[in-house]
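J.:
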Amino acid sequence: MKAKARADGSSGMKRTATKASPDGSSAFLPRRVIGDIGSFPYRRSRFRRPAREMGGGPALRVFANSCPAACRVNCVFDDNHGGLRVPRLILALLCLLALSVQAAPPLRIGVSGPFTGGSSPMGISMREGIRIAAAEINAGGGVLGRPIELVERDDEARNERGAQVVQELIEKEHVVAGLGIVNTGVALASQRAYQHARIPVITSVATGSVITKQFVPPQYPDNFVFRISANDTLQAAMIVMEAIDRRGLKRVSIFHDATNYGQLGREDLERALAARGVHPVTVERFQIRESDMTTQLRRAREAGAEAILTYGIGPELAQIANGMARMNWRVPLIGSWTLAMSNFIDNAGPNAEGARMPQTFIAEPTTPGRRAFLDAWKKSSGSARIPVPPAAAQGYDSLLLLAAAIRQAGSTEGDRIREALEELREKVEGVIMTYHQPFSKDNHETITSVHDIFMGEVRDGKVVFAYDEDRRRASGK
1 MKAKARADGS
11 SGMKRTATKA
21 SPDGSSAFLP
31 RRVIGDIGSF
41 PYRRSRFRRP
51 AREMGGGPAL
61 RVFANSCPAA
71 CRVNCVFDDN
81 HGGLRVPRLI
91 LALLCLLALS
101 VQAAPPLRIG
111 VSGPFTGGSS
121 PMGISMREGI
131 RIAAAEINAG
141 GGVLGRPIEL
151 VERDDEARNE
161 RGAQVVQELI
171 EKEHVVAGLG
181 IVNTGVALAS
191 QRAYQHARIP
201 VITSVATGSV
211 ITKQFVPPQY
221 PDNFVFRISA
231 NDTLQAAMIV
241 MEAIDRRGLK
251 RVSIFHDATN
261 YGQLGREDLE
271 RALAARGVHP
281 VTVERFQIRE
291 SDMTTQLRRA
301 REAGAEAILT
311 YGIGPELAQI
321 ANGMARMNWR
331 VPLIGSWTLA
341 MSNFIDNAGP
351 NAEGARMPQT
361 FIAEPTTPGR
371 RAFLDAWKKS
381 SGSARIPVPP
391 AAAQGYDSLL
401 LLAAAIRQAG
411 STEGDRIREA
421 LEELREKVEG
431 VIMTYHQPFS
441 KDNHETITSV
451 HDIFMGEVRD
461 GKVVFAYDED
471 RRRASGK
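Mapping of the sequence shown onto UniProt numbering: position 279 corresponds to residue 279, and the numbering continues sequentially without gaps.
(1) By Cβ distance below 6 angstroms, which residues in the same chain neighbour Ser229 in space, the five residues on each side in sequence not counted?
(2) Which whole runs of the beta strand (DSSP E) in the region 201-231 are 3 residues long or more, in chain order?
(3) Could you say which of Thr367, Gln235, Met324 lies nearest to Glu353 if we only look at CA atoms?
(4) Can you tell which of Ser209, Ser342, Asn231, Lys441 has the C-alpha that lies nearest to the C-alpha of Glu422?
(5) State the beta-bridge partners of Asp154 as determined by DSSP.
(6) For Met241, is the beta carbon positioned less than 8 angstroms from some heavy atom of the ligand SAM?
(7) Please state the DSSP three-state secondary structure of Phe344.
(8) Taking the straight line between their C-alpha atoms, what separation do you get for Ala272 and Gly262?
(9) Counting C-beta neighbours from all protein chains within 10 Å, is the total for Met327 16 or more, i.e. buried, or is it exposed?
(10) Anyone know if the C-beta pair for Phe454 and Gln359 falls short of 9 angstroms?
(11) Beta carbon of Thr448, beta carbon of Tyr435: below 9 angstroms?
(12) So, at 7 angstroms on beta carbons, what are the nonlocal neighbours of Asp397 in its own chain, with the 5 sequence-adjacent residues on each side left out?
(13) Is the beta carbon of residue 478 less than 9 angstroms from the beta carbon of Ile137?
(14) Name the DSSP beta bridge partners of Leu309, please?
(15) Whose CA, out of Gly117, Ile109, Met122, lies closest to the CA of Pro387?
(16) Which residues mark the beginning and the end of the alpha helix (DSSP H) in which Ala139 is found?
(17) My assumption, with CB atoms under 8 angstroms, is that Thr310 sits in contact with Leu339. Please give the rounded CB distance.
(18) Where does Met455 fall in DSSP's three states?
(19) Can you tell me which of the three DSSP states Gln445 falls into?
(20) Kindly indicate which three-state DSSP category Gln359 falls into: helix, strand or coil?
(21) When DSSP builds the beta bridges, which residues end up paired with Glu149?
(22) Beta-carbon of Asn138 versus every beta-carbon of chain B: anything under 9 angstroms?
(23) Grab me the residues of Ala157's own chain with a C-beta within less than 6 angstroms of its C-beta, minus the 5 sequence neighbours each way, in chain order.
(24) Classify Gly476: buried if its beta carbon has 16 or more other beta carbons within 10 angstroms, exposed otherwise.
(25) Buried or exposed: which applies to Glu457, given that a residue is buried once 16 or more other Cβ atoms fall within 10 Å of its Cβ?
(26) With respect to the alpha helix (DSSP H) encompassing Ala352, which residues constitute its N-terminal and C-terminal limits?
(27) DSSP on Gly277, reduced to helix/strand/coil?
(28) Mark Gly55 as exposed unless 16 or more other C-beta atoms lie within 10 angstroms of its C-beta, in which case mark it buried.
(29) Between Val464 and Pro218, what straight-line distance do the alpha-carbon atoms span, to the nearest angstrom?
(30) Have a look at Gln214 and Asp155 and give me their C-alpha separation to the nearest angstrom.
(31) What is the DSSP secondary structure of Leu179, counted as helix, strand or coil?
(32) So what's Glu413 in DSSP terms, helix, strand or just coil?
(33) Comparing alpha-carbon positions, which option in Gln287, Arg247, Ser381, Gly277 lies nearest Leu333?
(34) Determine the burial state of Gly304: buried for a count of at least 16 other Cβ atoms within 10 Å of its Cβ, exposed for fewer.
(35) Compare the Cα-Cα distances from Glu364 to each of Gly314, Val225, Asp470, Leu317 and report the closest residue.
(36) Relative to the C-alpha of Val240, which candidate in Val216, Gln296, Arg356 has its C-alpha closest?
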């Protein structure tokens with residue numbers, strides 16, 4: 001018989017107050033309904049038996065009360081009748097299932113990078129990109145039924161610190177894989193620990209050409225180092241193409257910092273220039289935190305340099321641009337991807353305008369996937385501006401690839417993950433690109449051609465496509 005509707009709109013069905021649910025709220029259910037799993041109701045048996053006959057003693061009562069709120073089961077008791085109304089087998093199975101899911105240990109992924117200091121815009125952008133990917137993966141149920149837990153460490157862009165934190169991630173935090181690493185010197189120092197532990201690492205940002213060649217056969221039968229960023233051999237080729245092929249400038253000066261990154265980048269530039277029969281008119285070196293480039297700039301100008309080619313990071317690159325402005329000397333500034341760093345653009349101000357650099361990602365919504373990533377960034381960080389867009393996108397994509405490999409491996413064992421990365425079957429929709437079997441046994445680079453990279457330019461304080469053809473290519477047109 002249907003219950004008559006009351007004036008207040010309720011059904012009029014007699015209700016029984018239950019004990020407080022595990023989350024502290026009180027559940028009020030129709031008397032006939034004794035449990036609710038999702039939207040499916042379990043109803044009382046027509047053959048009512050005392051709870052003691054159902055085994056609803058203290059032990060089961062305690063067990064039922066331990067049922068986590070996350071399992072969405074209202075464990076209903078009736079004190080007037082002395083016990084549990086839900087058949088104990090159903091309740092036990094449901095609660096055990098919920099507890100087993102809740103107790104699934106997380107997949108611990110190490111994330112190291114410079115989160116303080118001059119390189120921090122790259123590290124912070126990378127870390128936020130990885131966090132966005134982790135949140136999306138966990139919202140979809142995690143990997144192998146386990147949530148991803150990021151274990152983050154600041155390597156301070158120091159080689160020895162980088163090696164130390166990776167060792168800690170492996171030995172103390174027991175990570176199953178590593179991501180991150182921004183600076184080339186830090187990568188060379190720290191990824192050795194991953195290699196020796198046979199734990200895969202995807203280098204998300206560092207670009208030194210030697211990074212994925214550190215542990216190659218035959219000396220090392222298995223290489224556990226992978227990379228998602230554009231290596232400096234490709235970047236140097238693009239820089240030289242921009243200066244010589246597109247602009248016809250052959251008298252160039254190289255400015256590089258004294259780090260591994262700067263020195264290896266200089267070597268890549270010199271090789272790319274030599275391939276075209278060009279030698280730099282000067283090669284200028286500077287230190288990290290050097291604040292006055294006047295001496296080096298004067299030598300370059302006196303040698304007749306028509307362009308400055310750079311390998312350094314944001315703060316020092318800004319000193320080059322500002323020094324040129326003070327000298328009233330305006331020649332093209334073309335360099336590696338770090339000319340997109342926020343601390344170059346902000347510190348150089350109007351003097352940054354026109355600087356050009358290779359980019360794997362330019363923060364424009366050229367595809368639905370990139371638009372979604374930009375929206376997710378704004379929601380996560382609270383700002384539409386990404387300090388270093390390529391670092392953020394590469395961080396995001398690196399975790400997507402790692403998750404796909406773990407799914408394929410069906411395991412967190414290092415060799416299984418490495419093999420899965422080398423033979424990845426799943427198509428991964430990333431921000432940089434859509435990845436189809438991005439790695440192989442002999443190739444641990446996702447980006448292998450200059451056609452996977454765009455030329456960016458600083459305009460009005462942000463990096464945009466230097467050429468409309470690159471924007472069309474990024475849009476898939």
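Quick reminder that beta carbons are idealized off the backbone N, C-alpha and C, glycines included.
T.: Concretely, from the data shown:
(1) What you label residue 229 is simply residue 229 of the sequence shown in a count that begins at 1. Contacts found: Val205, Thr207, Gln394.
(2) 201-203, 225-227
(3) As a working note, residue 353 is residue 353 in the sequence shown. The residue with the shortest Cα to Cα distance from Glu353 is Met324.
(4) Taking the first residue of the sequence shown as position 1, residue 422 is located at position 422. Per the Cα distances, Lys441.
(5) For the purposes of this step, residue 154 is identified with residue 154 of the sequence shown, where counting begins at 1. DSSP output for Asp154 lists Gly113 as bridge partner(s).
(6) As for the ligand SAM, it is missing from this structure, which has no ligand bound.
(7) Along the sequence shown, read from residue 1 onward, the residue named residue 344 stands at position 344. Looking at Phe344 - three-state DSSP - the assignment turns out to be helix.
(8) As a position in the sequence shown, residue 272 is number 272, starting the count at 1. As a position in the sequence shown, residue 262 is number 262, starting the count at 1. One C-alpha to the other measures close to 15 angstroms.
(9) Locating residue 327 in the sequence shown gives position 327, counting from the first residue. With fewer than 16 Cβ atoms within 10 Å of its Cβ, Met327 is classed as exposed.
(10) Within the sequence shown, numbered from 1, the residue matching residue 454 stands at position 454. Within the sequence shown, numbered from 1, the residue matching residue 359 stands at position 359. Yes, Cβ-Cβ distance for Phe454 and Gln359 is below 9 angstroms.
(11) Stepping through the sequence shown from its first residue, residue 448 is reached at position 448. Stepping through the sequence shown from its first residue, residue 435 is reached at position 435. No, Cβ-Cβ distance for Thr448 and Tyr435 is not below 9 angstroms.
(12) Residue numbering aside, residue 397 sits at position 397 when the sequence shown is read from its first letter. Excluding positions up to five away in sequence, the list reads Ile228, Gly430, Val431, Ile432.
(13) With the chain covering 1 to 477 only, the question about residue 478 has no answer from this structure.
(14) As a first step, residue 309 must be located in the sequence shown, where it is residue number 309. Beta-bridge pairing links Leu309 to Ile254, Ile334.
(15) The sequence position of residue 387 within the sequence shown is 387, counting from 1. Measuring C-alpha to C-alpha distances from Pro387 to each of Gly117, Ile109, Met122 identifies Met122 as the nearest.
(16) The residue given as residue 139 occupies position 139 in the sequence shown. Where Ala139 is concerned, the enclosing alpha helix (DSSP H) stretches over 120-139.
(17) The sequence position of residue 310 within the sequence shown is 310, counting from 1. The sequence position of residue 339 within the sequence shown is 339, counting from 1. Confirmed, about 7 angstroms.
(18) Counting from one through the sequence shown, the residue named residue 455 turns up at place 455. Note: Met455 maps to strand in three-state DSSP.
(19) Along the sequence shown, read from residue 1 onward, the residue named residue 445 stands at position 445. First, the amino acid is wrong: residue 445 is Glu here, not Gln. In this structure, Glu445 counts as strand in the three-state DSSP scheme.
(20) Here residue 359 refers to the residue found at position 359 of the sequence shown. Correct three-state label for Gln359: strand.
(21) Start at 1 with the first residue of the sequence shown, and residue 149 comes out as number 149. Residue pairing for Glu149: DSSP places it in a beta bridge opposite Arg108.
(22) Note that chain B does not occur in the displayed structure, where there is just one protein chain.
(23) Looking up residue 157 in the sequence shown gives position 157. Residues Pro114, Gly117, Ser119, Asn183 of the same chain have their beta carbon placed closer than 6 angstroms to that of Ala157, with the five preceding and five following residues left out of the count.
(24) Position 476 of the sequence shown, counted from the first residue, corresponds to residue 476. So Gly476 counts as exposed.
(25) For this step, residue 457 is matched to residue 457 along the sequence shown. Taking every protein chain shown into account, the CB of Glu457 has 16 or more other CB atoms within 10 angstroms, so this residue is buried.
(26) To locate residue 352, count along the sequence shown from 1; it is residue 352. Note, Ala352: premise wrong, no alpha helix (DSSP H); not H, not E.
(27) In the sequence shown, the residue the question calls residue 277 occupies position 277. DSSP places Gly277 in coil when its eight states are reduced to three.
(28) The count along the sequence shown starts at 1 and reaches residue 55 at position 55. Note that Gly55 has pLDDT 41, beneath the 50 cutoff, so the model's placement of it is unreliable and the number below is only indicative. Its Cβ having fewer than 16 others within 10 Å, Gly55 is exposed.
(29) Start at 1 with the first residue of the sequence shown, and residue 464 comes out as number 464. Start at 1 with the first residue of the sequence shown, and residue 218 comes out as number 218. Roughly 43 angstroms between the two C-alpha positions.
(30) Taking the sequence shown and counting its residues from 1, one reaches residue 214 at position 214. Taking the sequence shown and counting its residues from 1, one reaches residue 155 at position 155. Rounded to whole angstroms, Gln214 to Asp155 spans 20 angstroms at the Cα level.
(31) Against the sequence shown, residue 179 aligns to sequence position 179. The answer is strand: DSSP assigns Leu179 an E or B state.
(32) As a first step, residue 413 must be located in the sequence shown, where it is residue number 413. Note: Glu413 maps to coil in three-state DSSP.
(33) Taking the first residue of the sequence shown as 1, we reach residue 333 at position 333. Comparing Cα positions, the closest option is Arg247.
(34) As a first step, residue 304 is located in the sequence shown; it is residue number 304 there, counting from the start. It is exposed - the Cβ of Gly304 has fewer than 16 other Cβ atoms within 10 Å.
(35) Working through the sequence shown from its first residue, we reach residue 364 at position 364. Nearest to Glu364 by alpha-carbon distance, out of Gly314, Val225, Asp470, Leu317, is Asp470.
(36) As a working mapping, residue 240 is identified with position 240 in the sequence shown. Restricting attention to Val216, Gln296, Arg356, the CA atom closest to the CA of Val240 is found in Arg356.
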